[in-house]
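**Student:** If you count the sequence shown from 1, you need to add 643 to reach my numbering.
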Amino acid sequence: MIKTLLNRLPFLNINNHPSAMVGLVVQHLQITAVCLVPAQQQWVVEQKVTQEFQNETDLLSAIADCLQQFDKYQGQSAVVLPSNMYQLVQMDKPKLSELEIQQSLQWTVKDLVTINPADIIADYIDNPIKQGPLDKISVFVSNRSLISPLIDVVNQSDAPLSLLTCDEMIIASLVGKQSAANLIVSQEVAQEPSLLIVRDGCVLFSRRLRGFSRLSDMSLEELAHGMLDSLSLEVQRSIDFFESQLKQPPLKSILIRIPSTCLAEIVAQFGQYFPVKVQAFKSELPICQGHEEQYHFAIAAAAELIEGGNEESD
């Protein structure tokens, strides 16, 4: 199974023999996209595009303009939604079949999110770690009225939508399949940061922080006035929960992914707070090597389509 959410939804158009894979990432006032094509028995990055827009009302036209630049390719698309377009929650796994769980998510998750039940669109993955006697699932929830226009725009292109995913799943792909767990502090511009713990390419733990949206814009002096202390406290709480409550082996390292000019100083400061190695986040996905960091999410999203196609053909 693809380790990415929303691969089972009926509106997705699966082309079993695409000539290209497009990865598109929606960010704050910017879209990044790449096109992968097969060459000499491997997939390579053929084209990279950045499309800026002025406000949220321009998002759909920006997506259309971006995808139009890939019109010469007949392929399929993977879209990474921004954090303000979805909610990721954890719940007990119902004692139902996979299909029954999928069909009932709209109602079983309604009290855990801030979306009208009639507008809920949801998918889930099983949590790799069991907490107590009950199995847990992670549920991706979005607003149908919010994402349906986006889906329609992508489906009107020559690379219709085959996969919707989110930052947490893409980060897990970029970290790679390491046998020891890593904690990642990840933030997009103008968004609240997330804390994730990833092992063997799977998200074991994830939580969205609150009150840290200005983190990437703050000067080193501002960060030193309590912000880094508060962030380190949240990280320590997550580590304690993972190692003590979930009874998991110690972390290998802490990886910092914050779009800040003070990233090196943040990493150095965190290195004084924690006994494990602290370093800046770096992609371990081979296909990303040699390409600008701003395109790594889009490359990883497109690569998920390749992996999913390979799994379906096994």
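Glycine included, C-beta positions come from ideal geometry on N, C-alpha and C.
(1) For my contact list, Gln821 and Lys895 are in at a C-beta cut-off of 8 Å; report their separation, rounded to the angstrom.
(2) Go ahead and pull the three-state DSSP assignment for Ile764.
(3) Could you tell me if Ser881 is buried or exposed, where buried requires 16 or more neighbouring beta carbons within 10 angstroms of its beta carbon?
(4) Tell me the start and end of each unbroken alpha helix (DSSP H) in the stretch 873 to 911 that is at least 4 residues and wholly inside, in chain order.
(5) From Leu866 to Lys736, what does the alpha carbon distance come to, in whole angstroms?
(6) Can you list, in chain order, the residues of its chain with a C-beta nearer than 7 Å to that of Arg651? Leave out the 5 residues immediately preceding and following it.
(7) Should the stretch 719 to 733 be regarded as contacting the stretch 661 to 676, the criterion being three or more beta carbon pairs within less than 8 Å?
(8) Please state whether DSSP places Ala944 in a helix, a strand or coil.
(9) So does the stretch 694 to 701 actually touch the stretch 773 to 780, counting three or more Cβ pairs closer than 8 Å?
(10) Between which residues of its own chain and Lys920 is the CB-CB distance below 7 Å, once the five residues before and five after are set aside?
(11) Could you work out which residue in Met861, Ala823, Ser859, Glu831 is closest to Val846 when comparing CA atoms only?
(12) First and last residue of the alpha helix (DSSP H) that includes Cys709?
(13) Quick one: residues in its chain with C-beta nearer than 7 Å to the C-beta of Tyr729, no 5 flanking neighbours on either side, listed in chain order?
(14) Just to confirm, is the Cβ distance from Ala705 to Ile674 under 7 Å?
(15) For Thr700, tell me which candidate among Val677, Pro792, Gly775, Thr904 has the shortest Cα-Cα distance.
(16) Does the stretch 755 to 771 come close enough to the stretch 793 to 801 that 3 or more CB-CB pairs lie under 8 Å?
(17) Taking the alpha-carbon of Asp754 as reference, which of Met734, Glu743, Pro771 has the nearest alpha-carbon?
(18) When you compare the CB positions of Gln690 and Asp801, do they come within less than 7 Å of one another, or not?
(19) Give me the DSSP bridge partner(s) of Ile780.
(20) What number of angstroms, rounded off, separates the C-alpha of Asn759 from the C-alpha of Ser747?
(21) Answer yes or no: do Leu942 and Gln830 have a C-beta to C-beta separation smaller than 7 Å?
(22) Within this structure, are the beta carbons of Glu886 and Phe855 separated by less than 7 Å?
(23) What separation, rounded to the nearest whole angstrom, lies between the Cα atoms of Leu672 and Ala682?
(24) How should Gln912 be labelled, buried or exposed, when 16 other C-beta atoms within 10 angstroms of its C-beta is the threshold for buried?
(25) Starting from Asn825, follow the beta strand (DSSP E) in both directions and report where the run begins and ends.
(26) Whether or not the stretch 857 to 864 and the stretch 929 to 949 are in contact is what I'm after, with contact meaning three or more pairs of Cβ atoms, one per stretch, closer than 8 Å; do they touch?
(27) Leaving out five residues before and five after Tyr916 in sequence, what residues of the same chain have Cβ atoms less than 6 Å from its Cβ?
(28) Would you report the Cα separation of Ser726 and Val677, rounded to the nearest angstrom?
(29) Report yes if the C-beta distance between Arg851 and Ser837 is below 7 Å; otherwise report no.
**Tutor:** Let me lay it out:
(1) For the purposes of this step, residue 821 is identified with residue 178 of the sequence shown, where counting begins at 1. For the purposes of this step, residue 895 is identified with residue 252 of the sequence shown, where counting begins at 1. The Cβ separation is near 7 Å, so the contact holds.
(2) Working through the sequence shown from its first residue, we reach residue 764 at position 121. Correct three-state label for Ile764: strand.
(3) Mapped onto the sequence shown, residue 881 falls at position 238. With 16 or more Cβ atoms within 10 Å of its Cβ, Ser881 is classed as buried.
(4) none
(5) For the purposes of this step, residue 866 is taken as the residue at position 223 of the sequence shown. For the purposes of this step, residue 736 is taken as the residue at position 93 of the sequence shown. Answer to the nearest angstrom: the Cα atoms are 40 Å apart.
(6) As a position in the sequence shown, residue 651 is number 8, starting the count at 1. A caution first: Arg651 carries a pLDDT of 48, below 50, which makes its placement in the model unreliable, though a value can still be read off. Here the set comprises Gln745, Asp766.
(7) yes
(8) Along the sequence shown, one-based indexing puts residue 944 at 301. The answer is helix: DSSP assigns Ala944 an H, G or I state.
(9) no
(10) One-based indexing of the sequence shown puts residue 920 at position 277. Excluding sequence neighbours, Lys920 sits near Ser896.
(11) Mapped onto the sequence shown, residue 846 falls at position 203. Measuring from the Cα of Val846, the nearest candidate turns out to be Ala823.
(12) Here residue 709 is taken as the residue at index 66 of the sequence shown, counted from 1. That run of the alpha helix (DSSP H) goes 702 to 711.
(13) For this step, residue 729 is matched to residue 86 along the sequence shown. Closer than 7 Å at the Cβ level, and outside the excluded window around Tyr729, lie Phe783, Val784, Ser785, Cys809.
(14) Indexing the sequence shown from 1 puts residue 705 at position 62. Indexing the sequence shown from 1 puts residue 674 at position 31. Yes, the pair counts as a contact, with Cβ atoms nearer than the cut-off.
(15) Reading the sequence shown from its first residue, position 57 is the one you call residue 700. Of the candidates Val677, Pro792, Gly775, Thr904, the one whose C-alpha sits nearest the C-alpha of Thr700 is Pro792.
(16) no
(17) Your numbering for residue 754 matches position 111 in the sequence shown. The candidate whose alpha carbon is nearest that of Asp754 is Met734.
(18) As a first step, residue 690 is located in the sequence shown; it is residue number 47 there, counting from the start. As a first step, residue 801 is located in the sequence shown; it is residue number 158 there, counting from the start. Their beta carbons are not under 7 Å apart, which means Gln690 does not touch Asp801 by this criterion.
(19) Working through the sequence shown from its first residue, we reach residue 780 at position 137. Ile780 is bridged to Met734, Asp769.
(20) If you number the sequence shown from 1, residue 759 lands on position 116. If you number the sequence shown from 1, residue 747 lands on position 104. Whole-angstrom Cα-Cα distance: 15 Å.
(21) Here residue 942 refers to the residue found at position 299 of the sequence shown. Here residue 830 refers to the residue found at position 187 of the sequence shown. It is worth fixing the name first, because residue 942 is Ile in this sequence and not Leu. No, they are not a contact pair.
(22) Along the sequence shown, read from residue 1 onward, the residue named residue 886 stands at position 243. Along the sequence shown, read from residue 1 onward, the residue named residue 855 stands at position 212. In this structure, Phe855 does not lie closer than 7 Å to Glu886 by Cβ.
(23) The sequence position of residue 672 within the sequence shown is 29, counting from 1. The sequence position of residue 682 within the sequence shown is 39, counting from 1. Their Cα atoms are separated by approximately 33 Å.
(24) Taking the sequence shown and counting its residues from 1, the one referred to as residue 912 is at position 269. Classification of Gln912: buried, given that the 10 Å Cβ count is 16 or more.
(25) By 1-based counting over the sequence shown, the position of residue 825 is 182. First-last of the beta strand (DSSP E) with Asn825: 825 to 829.
(26) no
(27) Counted from its first residue, the sequence shown places residue 916 at position 273. Ser875, listed in sequence order.
(28) Position 83 of the sequence shown holds residue 726. Position 34 of the sequence shown holds residue 677. Their Cα atoms are separated by approximately 20 Å.
(29) As a position in the sequence shown, residue 851 is number 208, starting the count at 1. As a position in the sequence shown, residue 837 is number 194, starting the count at 1. Yes, these two residues count as a Cβ contact at 7 Å.
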